[in-house]
Amino acid sequence: MVDRTKGIHALIDKRHFIENLKLSVVMNGKIIESHIMDDQFYVPARTLVESLGYEVRWDPKQRAAIATAAGNAVTIPIGQPIYTIGDKAVYNKDSSILKDGVTMIPVKTIPALFGAHVNWTTKGSLLQAYITPSLN
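All the letters of the sequence shown, read from the start, carry residue numbers 261 to 396 under the working numbering.
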C-alpha cells in the first residue's frame with residue numbers, strides 16, 4: 261500500500277477539512293468502528309487490542325483498561341497522557357476517553373503502545389487507517 265498523502269499533512273491543518281472527512285479503520289481485513297472527536301481519530305480499545313491478541317479488563321480504581329498478552333501489560337488510562345507498558349511509563353499527548361461507557365483510544369497512540377503499524381491512505385473525502393500487527 262502506498263500513502264499518497266505524505267508531504268501534505270504539514271501543509272493542511274485538519275481542522276479545515278475534518279467536518280467533511282469520513283474515517284475508516286481496517287485491521288485484519290475487518291472494519292473497526294471509529295470516531296472523530298475533538299479533531300482526533302479514535303477506536304474502541306477493547307476491539308483493537310483483542311484483535312492484536314491481548315485480553316482486556318477494566319480497572320475501576322485506576323479508571324483504566326488493562327491489556328495483557330504473553331506476560332506484557334499495557335495500561336490505558338482515561339483522560340491521562342501517561343500510559344504504562346510493563347513497568348515503563350510512556351507519555352503521549354493524546355489521552356484515551358470514555359464514550360458511552362466504552363474506552364476509546366487515539367489511533368496515533370497505537371504504534372507506541374502496541375508496536376502495530378498504522379498506514380494512512382486517502383481517496384476523496386475518505387481517510388483510511390490500515391493497522392497491521394508488528395511481526396516482532
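The beta carbon of each residue, even a glycine, is placed where N, CA and C say it ideally should be. Remember, predicted model here, so these are calculated numbers, not experimental data.
In whole angstroms, what is the alpha-carbon distance linking residue i and residue j?
i: Arg264; j: Gln388; result: Confidence is the limiting factor: at Arg264 the pLDDT is only 49, short of 50, which leaves the residue's position unreliable and the question unanswerable from this model.
i: Asp347; j: Ala324; result: 15 Å
i: Leu308; j: Ala376; result: 10 Å
i: Ile342; j: Gln322; result: 12 Å
i: Asn288; j: Glu310; result: 12 Å
i: Ile391; j: Ile296; result: 17 Å
i: Asn352; j: Ala330; result: 24 Å
i: Val286; j: Ile292; result: 6 Å
i: Thr335; j: Ser385; result: 34 Å
i: Leu283; j: Pro320; result: 30 Å
i: Tyr314; j: Val303; result: 15 Å
i: Leu358; j: Asn332; result: 24 Å
i: Trp380; j: Lys290; result: 16 Å
Compare the Cα-Cα distances from residue i to each of the options and report the closest residue.
i: Leu281; options: Glu293, Ile292, Thr369, Asp299; result: Asp299
i: Ile345; options: Thr369, Ile357, Met364, Ser294; result: Thr369
i: Gln340; options: Ser284, Lys321, Ser355; result: Ser355
i: Trp318; options: Tyr343, Phe301, Val362; result: Val362
Under a Cβ-count criterion, where at least 16 other Cβ atoms within 10 Å of its own Cβ denotes burial, should residue i be classed as buried or exposed?
i: Met364; result: buried
i: Leu373; result: buried
i: Thr382; result: exposed
i: Ala349; result: exposed
Are the CB atoms of residue i and residue j nearer to each other than 7 Å?
i: Leu312; j: Pro393; result: yes
i: Phe301; j: Val378; result: no
What are the partner residues of residue i, as DSSP defines its beta bridges?
i: Arg317; result: Ile326
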